[in-house]
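Residue numbers (my numbering): 6 to 767.
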Ligand code: ZN
Ligand code: ZN
Ligand code: FE
């Protein structure tokens with residue numbers, strides 16, 4: 006039988022995952038000759054041998070891919086024999102359009118952890134141990150292709166032993182780009198408050214000593230600086246809150262292993278998420294035996310927990326042998342620090358000591374946050390372990406840059422049929438955050454050498470992200486598309502579910518610029534990426550003080566009480582903390598419609614009820630009041646409030662005013678906040694199902710920040726399903742504004758396809 010040659014092209018997550026060694030081992034095992042090459046577009050293989058052997062090779066290539074790799078497409082072309090003598094790994098070709106997928110940072114694998122813990126291994130207690138199955142990727146890559154000289158490891162020259170591993174195709178560290186050891190790799194240094202430096206293992210011991218003594222340590226982690234503190238020490242946690250200016254927003258906790266995790270939270274159903282290569286923070290119910298200080302998560306008993314993601318984290322967590330607060334190294338609302346000088350300047354007022362190292366961080370990447378909802382994981386913050394993995398579209402898209410919304414900002418870039426969503430950037434509230442936003446856009450477009458032919462942005466005229474898009478559109482002379490905020494939520498949810506069929510989007514959140522100039526947020530939009538119809542919304546009300554009302558749920562309480570026909574006075578629930586003169590002014594503002602925009606925001610309705618129950622009258626972070634309301638809700642409560650659905654000229658209107666009057670009545674007869682909150686959630690679920698039944702569209706999508714509420718989301722999903730609807734939920738991108746950039750890309754692409762049919766004119 007004459008030999009045949011096959012040229013194989015593979016695309017997907019195939020770089021930096023041990024794919025070439027895998028191909029090499031497979032080819033040599035089967036006895037084929039040829040070569041494998043990793044370039045900016047993917048992996049290319051040519052193999053030569055008997056036809057059956059080559060076919061067997063292709064079949065096993067697909068069947069036995071390394072654990073963290075993922076093949077999107079694989080094509081085979083048969084060619085005349087090339088006369089190869091052996092199978093070789095060829096060097097990367099740095100030319101061509103850049104479409105290869107950059108892998109996210111991967112948590113330390115079990116084998117590397119074993120090496121670190123093995124006293125006789127040469128990497129015993131070495132904090133930067135990694136292999137082709139684990140370790141840093143996105144946080145160290147400077148440009149494609151993913152090869153050591155293109156990473157922040159370029160300044161470290163491998164020692165003889167590391168080099169031998171790197172060159173040995175049978176070794177787990179064959180072509181592991183960040184391969185390193187104590188002799189040749191990065192090293193840690195501990196800096197105490199008095200300016201003393203300790204390096205090596207002593208630095209880790211000093212860090213552990215600090216944490217046990219209740220001190221706050223700034224740790225240079227994988228994708229940025231983190232602040233660590235003993236989570237069982239109320240004083241340490243309180244001090245961290247005070248210095249970080251973060252009074253109530255829950256802190257994430259790092260535990261050393263699954264045993265410690267099990268003492269702190271109930272991790273049932275989340276084990277695979279926690280221990281997988283992405284190793285995100287998972288929001289889980291706290292156990293009564295957790296031992297955590299009260300201040301870790303004041304408004305709720307849900308704790309964000311993660312396992313150590315690098316050997317450095319593992320050594321610290323195991324040394325401290327207690328749960329540790331692990332929060333981003335920043336002042337609240339600022340992006341996480343990555344540069345050493347900048348970090349020390351910004352964090353020296355917060356941290357008592359520092360644990361730093363000499364491997365530069367190329368870009369900031371926060372820890373990702375997930376939860377298990379309605380039986381499956383959903384991302385709440387998409388960053389380390391996920392970014393910049395793309396969301397695949399069913400069609401080829403124009404090259405579109407989407408600048409996202411204002412809070413929880415991410416940006417997105419479409420290249421071919423992939424939408425690359427950036428890591429979490431955060432709230433664009435400070436000059437630092439704005440700089441990080443512009444930097445991420447430069448980084449993403451440079452990395453993929455993409456020249457956007459269109460810019461998509463939120464319809465809000467004053468967002469930083471909108472102004473950036475306007476400037477960019479002008480300078481680059483490319484069209485821009487303003488995408489209505491809730492339309493972007495809907496399009497994002499459809500793309501997240503891999504569909505372009507229309508759905509009824511229940512798009513509920515705090516704030517989004519409406520087509521009529523009012524503040525939307527309790528919307529029912531029927532449509533797809535190309536267009537939508539606003540088929541229903543919450544009853545509108547006036548928001549006294551606009552932005553001020555976002556910070557003060559008691560203002561929303563005053564607004565809904567007034568809208569429900571009650572005279573607002575301090576005797577009404579939720580208004581006691583106002584001076585009567587202040588209430589008079591608010592009343593006047595609303596009566597005269599001064600600085601009191603109209604809103605249909607579901608988020609503000611949650612705020613209002615939370616304040617009425619005396620839970621959160623002044624909030625300190627987005628979602629604070631709603632989180633507290635969900636937390637007190639009695640989940641066994643099956644009663645509800647009447648919430649009529651009326652018909653206006655254009656749409657159905659969910660009239661919550663009678664519900665507000667009923668809550669006032671319930672409070673007057675001392676019905677518990679738990680029962681009231683339970684009935685409130687049930688009423689909203691009833692309204693969602695009621696509107697869906699009137700609209701009669703078979704598919705319903707739940708999207709927007711309000712669907713980070715378990716009670717609302719799971720009850721709405723189950724009642725919709727039992728009424729015969731298909732329910733779509735976010736999984737790979739957040740339901741909150743972190744998912745907006747993806748939706749903007751999809752809406753702009755649809756507009757590109759059907760000129761003149763845009764639902765949201767620029
Ligand atoms: Zn490993
Ligand atoms: Zn070495
Ligand atoms: Fe939103």
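Yeah, the Cβ is synthetic: ideal placement off N, Cα and C, and Gly gets one too.
Being a predicted model, the structure only gives us computed values, none of them experimental.
Placement of the Cβ of residue 742 at a distance of less than 6 Å from at least one heavy atom of ligand 3 is found. Secondary-structure assignment with DSSP links residue 276 through no beta bridge to anything.
Between residue 695 and residue 665, the beta carbon gap of about 18 Å keeps them out of contact (Cβ cut-off 8 Å).
The Cβ atoms of residue 328 and residue 242 lie no closer than 7 Å to each other.
Per DSSP, the beta-bridge partners of residue 651 are 658.
Under the DSSP assignment, residue 204 falls in the beta strand (DSSP E) whose first and last residues are 202–204.
Residue state for residue 446 is assigned as helix, using DSSP reduced to three classes. For residue 621, there is no enclosing beta strand (DSSP E), as DSSP marks it with neither H nor E. In the DSSP annotation of this structure, residue 230 is not part of any alpha helix (DSSP H); the continuous beta strand (DSSP E) holding it starts and ends at 230–235. In the three-state scheme derived from DSSP, where H, G and I count as helix and E and B as strand, residue 225 is classed as strand. Residue 123 has its CB no nearer than 6 Å to any heavy atom of ligand 1.
Between residue 672 and residue 578 the beta-carbon gap is near 5 Å, inside 8 Å, which marks them as a contact. Under the DSSP assignment, residue 288 falls in the beta strand (DSSP E) whose first and last residues are 286–290. Cα atoms of residue 118 and residue 112: separation of roughly 10 Å, rounded to the nearest angstrom. When DSSP states are grouped into helix, strand and coil, residue 297 belongs to the coil group. Short of 6 Å from the beta carbon of residue 682, and not among the five residues preceding or following it, lie these beta carbons of its own chain, in chain order: 634, 637 and 638. Among the bridge pairs identified by DSSP, residue 731 is matched with 704. Each residue's CA atom was taken as its position, placing residue 20 and residue 459 some 29 Å apart. Within the model, the alpha-carbon separation for residue 308 versus residue 254 is close to 11 Å.
One residue after another in chain order, those with a Cβ under 5 Å from a heavy atom of ligand 1 are 114, 117, 136, 138 and 139. If you look at residue 497, you'll find it in the alpha helix (DSSP H) that goes 490–501. DSSP places residue 711 within a helical segment (H, G or I) once states are collapsed to three.
Only residues of its own chain outside the window of five on either side were considered, and among them 11, 13 and 63 have a CB closer than 7 Å to the CB of residue 81, listed in chain order. Distances from the CA of residue 537 to each of 452, 491 and 560 were compared; the closest alpha carbon is that of 491. Residue 541 sits buried, since 16 or more C-beta atoms from the chains shown fall within 10 Å of its C-beta. Here the alpha carbons of residue 599 and residue 592 stand approximately 10 Å from one another.
Look at residue 19 here: in three-state DSSP terms it is coil, with no helix or strand label.
Nearest Cα to residue 451 within the set 420, 431, 433 and 436: 420. According to DSSP, residue pairing for residue 47 in a beta bridge involves 44. Counted as a single uninterrupted DSSP element, the beta strand (DSSP E) harbouring residue 524 occupies residues 524–532. Contact fails between the region 427–441 and the region 481–495, because fewer than three Cβ pairs, one in each stretch, are under 8 Å apart.
Set against 6 Å, the gap from the CB of residue 169 to the closest heavy atom of ligand 2 is not smaller.
For residue 467, the shortest separation between its Cβ and any heavy atom of ligand 3 does not lie below 6 Å. Per the coordinates, the alpha-carbon of residue 518 lies some 31 Å from the alpha-carbon of residue 381. In this structure, the straight-line span from the alpha carbon of residue 219 to that of residue 267 is close to 23 Å.
Cβ contact annotation for residue 360 (same chain, cutoff 7 Å, sequence separation greater than five): 193, 195, 208, 212, 222, 224 and 225, in chain order.
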